[in-house]
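Asker:
2 protein chains.
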Amino acid sequence: MDYSDFFSERSKLLSSSFIRDILQAAKQPGVISLAGGLPDPDTFPIEKLMEIHNEVGKKKEVYQYDVTSGYRPLREELLKFLEKRGISASLDELVVTTGSQQGLFSLALLLLNRGDVAYVEHPTFVGALMPFKLFGAKSMDILNIEGIPIDENGMDVDVLEEKLRKVEEPPKFVYTIPTFQNPGGVVMSIDRRKKLLDLAHEYNFSIVEDDPYGEIRFTDDVPPSIKSMDNEGRVIYLGTFSKMLAPGFRVAFTVAPKEITEKIIVSKQAMDLHTATYGQAVIAEFMSRGFLEEHISFLREFYKKKRDALLNAMDIYFNKDVVKWVKPKGGLFTWIEVEGLNTMMISGRSAVEKYKVAIVPGAAFYLSKDEGLNMARVNYSYPSIDELHTGVKRLAYAIEMERSRGDNSSVMV
Amino acid sequence: MDYSDFFSERSKLLSSSFIRDILQAAKQPGVISLAGGLPDPDTFPIEKLMEIHNEVGKKKEVYQYDVTSGYRPLREELLKFLEKRGISASLDELVVTTGSQQGLFSLALLLLNRGDVAYVEHPTFVGALMPFKLFGAKSMDILNIEGIPIDENGMDVDVLEEKLRKVEEPPKFVYTIPTFQNPGGVVMSIDRRKKLLDLAHEYNFSIVEDDPYGEIRFTDDVPPSIKSMDNEGRVIYLGTFSKMLAPGFRVAFTVAPKEITEKIIVSKQAMDLHTATYGQAVIAEFMSRGFLEEHISFLREFYKKKRDALLNAMDIYFNKDVVKWVKPKGGLFTWIEVEGLNTMMISGRSAVEKYKVAIVPGAAFYLSKDEGLNMARVNYSYPSIDELHTGVKRLAYAIEMERSRGDNSSVMV
Numbered sequence: 013m014d015y016s017d018f019f020s021e022r023s024k025l026l027s028s029s030f031i032r033d034i035l036q037a038a039k040q041p042g043v044i045s046l047a048g049g050l051p052d053p054d055t056f057p058i059e060k061l062m063e064i065h066n067e068v069g070k071k072k073e074v075y076q077y078d079v080t081s082g083y084r085p086l087r088e089e090l091l092k093f094l095e096k097r098g099i100s101a102s103l104d105e106l107v108v109t110t111g112s113q114q115g116l117f118s119l120a121l122l123l124l125n126r127g128d129v130a131y132v133e134h135p136t137f138v139g140a141l142m143p144f145k146l147f148g149a150k151s152m153d154i155l156n157i158e159g160i161p162i163d164e165n166g167m168d169v170d171v172l173e174e175k176l177r178k179v180e181e182p183p184k185f186v187y188t189i190p191t192f193q194n195p196g197g198v199v200m201s202i203d204r205r206k207k208l209l210d211l212a213h214e215y216n217f218s219i220v221e222d223d224p225y226g227e228i229r230f231t232d233d234v235p236p237s238i239k240s241m242d243n244e245g246r247v248i249y250l251g252t253f254s255k256m257l258a259p260g261f262r263v264a265f266t267v268a269p270k271e272i273t274e275k276i277i278v279s280k281q282a283m284d285l286h287t288a289t290y291g292q293a294v295i296a297e298f299m300s301r302g303f304l305e306e307h308i309s310f311l312r313e314f315y316k317k318k319r320d321a322l323l324n325a326m327d328i329y330f331n332k333d334v335v336k337w338v339k340p341k342g343g344l345f346t347w348i349e350v351e352g353l354n355t356m357m358i359s360g361r362s363a364v365e366k367y368k369v370a371i372v373p374g375a376a377f378y379l380s381k382d383e384g385l386n387m388a389r390v391n392y393s394y395p396s397i398d399e400l401h402t403g404v405k406r407l408a409y410a411i412e413m414e415r416s417r418g419d420n421s422s423v424m425v
Numbered sequence: 013m014d015y016s017d018f019f020s021e022r023s024k025l026l027s028s029s030f031i032r033d034i035l036q037a038a039k040q041p042g043v044i045s046l047a048g049g050l051p052d053p054d055t056f057p058i059e060k061l062m063e064i065h066n067e068v069g070k071k072k073e074v075y076q077y078d079v080t081s082g083y084r085p086l087r088e089e090l091l092k093f094l095e096k097r098g099i100s101a102s103l104d105e106l107v108v109t110t111g112s113q114q115g116l117f118s119l120a121l122l123l124l125n126r127g128d129v130a131y132v133e134h135p136t137f138v139g140a141l142m143p144f145k146l147f148g149a150k151s152m153d154i155l156n157i158e159g160i161p162i163d164e165n166g167m168d169v170d171v172l173e174e175k176l177r178k179v180e181e182p183p184k185f186v187y188t189i190p191t192f193q194n195p196g197g198v199v200m201s202i203d204r205r206k207k208l209l210d211l212a213h214e215y216n217f218s219i220v221e222d223d224p225y226g227e228i229r230f231t232d233d234v235p236p237s238i239k240s241m242d243n244e245g246r247v248i249y250l251g252t253f254s255k256m257l258a259p260g261f262r263v264a265f266t267v268a269p270k271e272i273t274e275k276i277i278v279s280k281q282a283m284d285l286h287t288a289t290y291g292q293a294v295i296a297e298f299m300s301r302g303f304l305e306e307h308i309s310f311l312r313e314f315y316k317k318k319r320d321a322l323l324n325a326m327d328i329y330f331n332k333d334v335v336k337w338v339k340p341k342g343g344l345f346t347w348i349e350v351e352g353l354n355t356m357m358i359s360g361r362s363a364v365e366k367y368k369v370a371i372v373p374g375a376a377f378y379l380s381k382d383e384g385l386n387m388a389r390v391n392y393s394y395p396s397i398d399e400l401h402t403g404v405k406r407l408a409y410a411i412e413m414e415r416s417r418g419d420n421s422s423v424m425v
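Those sequence lines, one after another, are chains W and R. When we follow our numbering, the leftmost residue of the first sequence carries the number 13, and every step to the right adds one. When we follow our numbering, the leftmost residue of the second sequence carries the number 13, and every step to the right adds one.
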């Protein structure tokens, strides 16, 4: 049977990110990968989790169907967790999702008509672009996603304001990762957070605040979430256990006004009925024993050491006249700019094979492939401290070699 | 903030099934629920699962991100499992999904343009209708789903053939639960399976074969899956661990030609990235130790006793001039027909409160609410044997009382 005429128009908007190819290349033996965004498996609290499996695994309810909104004990723990972080929500404003990815997918499905525009930071998390395109795009050429630039203080809200003044229709929502942005590694300042909320009020749009990294902070000097400053239900907040505990459970959560939450729940009935009960029950027990806050403290110290090792290696090996980099206060990534070099030259498959180090080229995080050409994302959560040192050294060498070749016009991936 | 103008047109096609209200009513104390479709939690093999948690829980990889297609050891076990059941597939024709619900959602997204028609059995599984509507409906009024009646031998393929002859465009796919149909409890005969395949070839459509109950059989006299007879990649096969092990892991799988499987994987990247690793690893280990086949044998005996208890009680309490029922050879449900009674009278909230027994009225499983009015679905997997006995007794009483009232014109739910 030939299925080529069977696929929907919509399905043609789906495409696998080329980051996946890079991640494949990075798996080759001998390659140090600074490309991915995985937590270090050494952080998984196996001993405590085994204690919890031993308890939770005996309960019949963890193997049964559950309600779509999420496992009740987990949702109750989450309300307390959020309250401590300045986010007051009720049970009917909280829904457990299968990864934040599902939250993003559901929001795109619920909010975007074809032709509706979503604003995103530029660069941004690639995984968010796919659902936004899938449901919002007018056509293959008109994706209806627009980028607002970021700088060292996060999204440039002045550019946003200027844009809002000019357009006839404001976006349905502005998607932001304000805290330890992916890929930028930066934090949106408190003033900009406030201004974003003011603009949302003035122009009547919603803010989708994606906060996977907020807990992985190396300083107390980080502004509160935008959601915690929201008095009128403008902010839809996405949190996840993927970075603060373990991604393999696929347990995340969305906090939103009741009318949005109800719709997410109905869409989730159609999508997967509910998130796996077992993982939710393990996390609920992990939280109720007080393990999560302890674990977060541990992660902050653990990843701070890696961040320090990375910055130290960059300091040693990078030519400061050529390479500039963000000094992240948290999260998993830094973002580098290489003067006079298309970073595809040091990140394509042949470069990975040659230099034995992998990063993600900046262009991967932009809406058009001719932006961010001098930029790249560097991950420090997954490699060991030794690998960070050697990886940066190799990267510095690759930059030097490719810059000295001087021919950056034709780019091989 | 008022979100009422923010929701997409598409989102208005999403609605919660009224089965959910009945299931809520059925939770009241003292009510025996024959309404749900849950496995009996006493079947969950806790002891074996604890052994497996003790092994699997120590592996770091089960807490980490995994590939979208599914946990490799599980996929390898599944190929062997399917091979034993006459389905030969390769790794690139198999994808793990977050429940079969996700498989259905993904197929609807990938295959249905607005206005494309899907055929379903009539009555059918309500959870399938939501994604089909969401992506295929032309408007709120034109849902583009058409029903093919079933009888004691499953889908009436002669009616299907007649319909196909008349229509200009064949459907994109025909959705069927051929083995122990939900809600009908019937099995599609082997001749009809073959004819369905022939029609699919002749009119060039695909068959979506949903097989959640196939392993729960009480006789060897059950025809092989349609997929196992498919030589040209027409059948997209959905299997799940929800009934043959435990629904709480949300682990299911789709077997389809490579080009479909690839698209499902890309759509899944946008939907939830991957199914929870932990549950997949537990099931893989459960299978590799040979526990699954043992467990399936146990389930067949276990649920056969319940089926027998139900049929026995029906034999004792039902007036055979008034009530007819299917004698299921497997699965979780039987389907009854009550002469001269709208089954809403015995299944609405007030009836549940009065008679202390809950079933799902037939109308819930049809595309329009004026069909199946004399029918109802009765579950026997979840109630205990005593509850089955008492439940049927109460149901017989309810039928007698409501029929004798004679006024079935106004139906209160």
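Don't be surprised by glycine CBs; every beta carbon is placed ideally from N, CA and C. No experiment lies behind these values; they were computed from the predicted model shown.
Indicate whether R/Lys46 and R/Ala370 have their beta-carbon atoms separated by less than 8 Å.
Answerer: As written in the sequence, residue 46 of chain R is Leu, which differs from the Lys given in the question. Yes.
Asker: In this structure, does DSSP put R/Arg415 in helix, strand or coil?
Answerer: helix
Asker: Please state whether DSSP places W/Val278 in a helix, a strand or coil.
Answerer: helix
Asker: Look up R/Thr188 in the DSSP assignment and say whether it is helix, strand or coil.
Answerer: strand
Asker: Check whether the Cβ atoms of W/Thr188 and W/Phe377 lie closer than 8 Å to each other.
Answerer: no
Asker: Could you tell me if R/Val179 is buried or exposed, where buried requires 16 or more neighbouring beta carbons within 10 angstroms of its beta carbon?
Answerer: exposed
Asker: I'd like the list of long-range same chain contacts for R/Ile411, defined as Cβ closer than 8 Å, with 5 residues on each side in sequence excluded.
Answerer: Phe330, Asn331, Val334, Val335, Val350, Leu353, Ile358
Asker: Only counting the same chain, and skipping five residues up and downstream in sequence, which positions put a Cβ closer than 7 Å to that of W/Arg406?
Answerer: Ile44, Tyr367, Lys368, Val369
Asker: Could you compute how far the alpha carbon of R/Ile276 sits from the alpha carbon of W/Ala101?
Answerer: 35 Å
Asker: Is there a Cβ of chain W sitting closer than 8 Å to that of R/Leu122, yes or no?
Answerer: yes
Asker: Which full runs of the alpha helix (DSSP H) of 4+ residues lie inside the region 251-328 of chain W, going along the chain?
Answerer: 270-283, 289-300
Asker: Just curious, the beta strand (DSSP E) that R/Pro85 is in, first and last residue?
Answerer: In this chain, R/Pro85 is not harboured by any beta strand (DSSP E); it is covered by the alpha helix (DSSP H) spanning 84-96.
Asker: For R/Met424, which residues of its own chain have a beta-carbon under 7 Å away from its beta-carbon, when the five flanking residues on both sides are left out?
Answerer: Per-residue confidence for R/Met424 stands at a pLDDT of 44, beneath the threshold of 50, marking its modelled position as unreliable; no derived number is given.
Asker: Going by CA-CA distance only, name the one from R/Met356, R/Ser396, R/Leu400, R/Arg97 that's closest to R/Lys381.
Answerer: R/Met356
Asker: According to DSSP, which residues form a beta bridge with R/Ala388?
Answerer: R/Ile348, R/Pro373
Asker: Which one of R/Val404, R/Thr252, R/Glu399, R/Ser81 has the shortest CA to CA distance from R/Glu274?
Answerer: With distances taken between Cα atoms, R/Glu274 lies closest to R/Ser81.
Asker: State buried or exposed for W/Thr231, treating a residue as buried only when at least 16 other CB atoms are found within 10 Å of its CB.
Answerer: exposed
Asker: How would you list, in chain order, the residues of chain R whose beta-carbon sits under 7 Å from the beta-carbon of W/Asp110?
Answerer: One point to set straight first is that residue 110 of chain W is Thr, not Asp, in the sequence displayed. Within 7 Å Cβ-Cβ: Thr110, Asp284.
Asker: Run the CB neighbour count on R/Arg204, radius 10 Å, all protein chains shown included, and call it buried at 16 or more, exposed below.
Answerer: buried
Asker: By DSSP, does R/Ala130 sit in helix, in strand, or in coil?
Answerer: Assigned with DSSP and collapsed to three states, R/Ala130 falls in strand.
Asker: Looking at the structure shown, is W/Asp398 part of a helix, part of a strand, or coil, going by DSSP?
Answerer: W/Asp398 sits in a helix when the DSSP states are folded into three classes.
Asker: Do the region 307-326 of chain W and the region 309-326 of chain R make contact, defined as three or more Cβ pairs closer than 8 Å?
Answerer: With a cut-off of 8 Å, the region 309-326 of chain R and the region 307-326 of chain W do not count as touching, because too few Cβ pairs lie within range.
Asker: Which first and last residues belong to the alpha helix (DSSP H) in which R/Glu214 is found?
Answerer: Segment 202-215, the alpha helix (DSSP H) holding R/Glu214.
Asker: Between R/Pro183 and W/Tyr77, which are expected to be in contact by the criterion C-beta below 8 Å, what is the C-beta distance as a whole number of angstroms?
Answerer: The pair is not a contact, with the Cβ atoms about 30 Å apart (cut-off 8 Å).
Asker: Do W/Phe147 and W/Leu124 have their C-beta atoms within less than 8 Å of each other?
Answerer: In this structure, W/Leu124 lies closer than 8 Å to W/Phe147 by Cβ.
Asker: Check the C-beta distance from R/Phe192 over to R/Tyr225 and give it rounded, since I have them as a contact under 8 Å.
Answerer: 4 Å
Asker: Against chain R, which members of the region 226-247 of chain W pass a CB distance test of less than 8 Å?
Answerer: Glu244, Gly245, Arg246
Asker: Taking W/Gly159 as part of the beta strand (DSSP E), name the residues at either end of that continuous run.
Answerer: 157-163
Asker: In whole angstroms, give me the CA-to-CA distance for W/Ser28 and W/Asp14.
Answerer: 22 Å
Asker: Looking at chain W, is there any beta carbon in it that lies within less than 8 Å of the beta carbon of R/Ala47?
Answerer: Taking 8 Å as the threshold, the shortest C-beta distance from R/Ala47 to chain W does not fall below it.
Asker: For the putative contact between R/His213 and R/Glu244, defined by C-beta atoms under 8 Å, what is the C-beta separation to the nearest angstrom?
Answerer: 7 Å
Asker: Roughly how many angstroms separate the alpha carbons of R/Leu122 and W/Phe19, rounded to a whole number?
Answerer: Approximately 6 Å, taken between the alpha carbons.
Asker: Which residues, in order along the region 257-271 of chain R, keep a beta-carbon less than 7 Å from a beta-carbon of chain W?
Answerer: Ala258, Pro259, Gly260, Phe261, Arg262, Pro269, Glu271
Asker: Determine the DSSP secondary structure at W/Ile34, reduced to helix, strand or coil.
Answerer: If DSSP states are grouped into helix, strand and coil, W/Ile34 belongs with the helices.
Asker: Below 7 Å CB to CB, which residues in the same chain sit around W/Glu67 once its five sequence neighbours on both sides are set aside?
Answerer: Glu297
Asker: Listing by chain order, which chain W residues have their CB less than 8 Å from the CB of R/Asn125?
Answerer: Ser20, Glu21, Arg22
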